[in-house]
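Trainee: Have a look at the structure that comes next, please.
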Amino acid sequence: MFRSAFRVFSLFILTGLAVAQTNTIDAPRLFETGMNALTGVGPSHNNQTALDTLRRSADLGYPPAQVVLGYIYETGSASVTPDAGQALDWYKKAAKQDDNVGEWLLGRAYLTGVGVARDLEQATSALKRAAGHNDPFGQYLLGMVQLEKNQYTPAADSFRKAAMQGLPQAQQQLGMLLKEGRGVSLDKSEAYVWLLLSARAGNNTVGADLGALEGDLGSNKTEEAKTRARDLELSVGRLVVARGCTGWPGEFNPMPTPPPPDIQNFCR
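Residue numbers for the sequence shown follow the numbering used here, so the first one is 1095 and each next one is one higher.
Shown next, in the form of structure tokens:
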């Protein structure tokens, strides 16, 4: 009787392991099928197929599928009615599995109050995890939370990390802290360097501050700062660009928009 019970128990364990292994295999496959339907052209594009297969993958616990569903519900794409609450739920599920894109999108939701009551502590928690993965958007948004809390020294550190990865809005924020001497020693020359890098990356909102700094620095120091900016630009390449995590509308907004589904995997 004991042997019979042991065989039944062993069969139960092996069956469970086989199901878990099948789910692990199926989830990425379902995700790819869903993405093919979502991003396909002509007859290969099918929103309903995309939603059905992405949801099956997400329900199996696959973070990339969960983040894509979050994006779809946040933006109302794929013929879905926008639902910020559902978007938040999917971001939470991905973030619980330590997915950096899910983490910074969750932190962004708490920071902006989209789909949930605004909560800087929850935002900080999620964004710290994303920043811990060296995610530049997580680092930048963490800096924005710290800035709002008047935590200028940590904010400068967060902005610098994102700025070194080439994020223009982080370069601007770091430059402004240096210009005003908040959280860092006042250094108008270094401020000019970072603001100039931000401008060269396409940020058109820093022109007035650059002009004011040129007046403060004078022509000789301004030229020196321009030379340092040119040298620094060689090392402060857009690492996110190198990975392919770039090129969507709103990417460089003060509050970045979520990366579209076909770009998200490049951001991991």
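Glycine residues also receive a C-beta, built at the ideal position from the N, C-alpha and C atoms.
With burial defined as no fewer than 16 other Cβ atoms inside 10 Å of the residue's Cβ, what is the status of L1108: buried or exposed?
Mentor: Confidence at L1108 is low in this model, with a pLDDT of 43, below 50, so the placement of that residue should be treated as unreliable; the coordinate-derived value is given next. Classification for L1108: exposed.
Trainee: What residue ranges within the segment 1203–1249 form continuous alpha helix (DSSP H) runs of no fewer than 4 residues, ordered along the chain?
Mentor: Counting whole runs of 4 or more residues, the segment 1203–1249 contains the alpha helix (DSSP H) stretches 1214–1226, 1230–1242.
Trainee: Does the segment 1218–1232 come close enough to the segment 1257–1264 that 3 or more CB-CB pairs lie under 8 Å?
Mentor: Taking 8 Å as the limit for Cβ pairs, the verdict is that the segment 1218–1232 does touch the segment 1257–1264.
Trainee: Mind checking which residues open and close the alpha helix (DSSP H) that includes M1270?
Mentor: Here the alpha helix (DSSP H) through M1270 covers 1262–1274.
Trainee: Please work out which residues of its chain come closer than 8 Å, Cβ to Cβ, to I1357, disregarding the five sequence neighbours upstream and downstream, and give them in chain order.
Mentor: Taken in chain order, the residues that qualify are G1338, C1339, T1340, G1341, W1342.
Trainee: Using beta-carbon positions only, say whether L1154 and A1131 come within less than 8 Å of one another.
Mentor: No. Outside cutoff.
Trainee: What whole-angstrom Cβ distance do G1277 and Y1246 have, given they're in contact under 8 Å?
Mentor: Yes, they are in contact, since the Cβ atoms of G1277 and Y1246 sit about 3 Å apart, within 8 Å.
Trainee: Would I1280 be called buried (16 or more neighbouring beta carbons within 10 Å of its own) or exposed?
Mentor: According to the sequence displayed, residue 1280 carries Leu and not Ile. L1280 is exposed by the Cβ-count criterion.
Trainee: What are the uninterrupted segments assigned as alpha helix (DSSP H) that are 4 or more residues long and contained completely in the segment 1138–1207, given in chain order?
Mentor: For the segment 1138–1207, whole alpha helix (DSSP H) runs of length 4 or above, ordered along the chain, are 1141–1153, 1157–1169, 1178–1190, 1194–1206.
Trainee: What are the start and end residues of the alpha helix (DSSP H) that includes N1055?
Mentor: Absent from the structure is residue 1055, since the part of the chain shown begins at 1095 and ends at 1362.
Trainee: Roughly how many angstroms lie between the CA atoms of Y1165 and L1200, to the nearest whole one?
Mentor: Distance between the alpha carbons of Y1165 and L1200 is about 11 Å.
Trainee: For the alpha helix (DSSP H) containing D1356, list its first residue and its last residue.
Mentor: Run containing D1356: 1355–1358, per the alpha helix (DSSP H) assignment.
Trainee: How would you label N1347, buried or exposed, when you count the other beta carbons within 10 angstroms and need 16 or more for buried?
Mentor: Result: exposed.
Trainee: In the DSSP assignment, the alpha helix (DSSP H) including E1284 goes from what residue to what residue?
Mentor: E1284 -> alpha helix (DSSP H) spans 1282–1294.
Trainee: Could you pull out every residue in the same chain whose Cβ sits closer than 7 Å to the Cβ of A1203, ignoring the five residues on either side in sequence?
Mentor: If we look at A1203 and ignore the five residues flanking it on each side, its Cβ neighbours are L1182, Y1185, G1209, V1210.
Trainee: Might you give, ordered along the chain, the residues of its own chain that have their beta carbon closer than 7 Å to the beta carbon of V1239, omitting 5 neighbours on each side?
Mentor: Hits under 7 Å: L1205, L1214, A1217, T1218, L1221.
Trainee: Identify which residue in Y1286, A1295, L1272 has its Cα closest to the Cα of A1302.
Mentor: A1302 has its Cα closest to that of Y1286, out of Y1286, A1295, L1272.
Trainee: In angstroms, rounded to a whole number, what distance separates the CA positions of A1189 and Q1180?
Mentor: For A1189 and Q1180, the distance between alpha carbons rounds to 14 Å.
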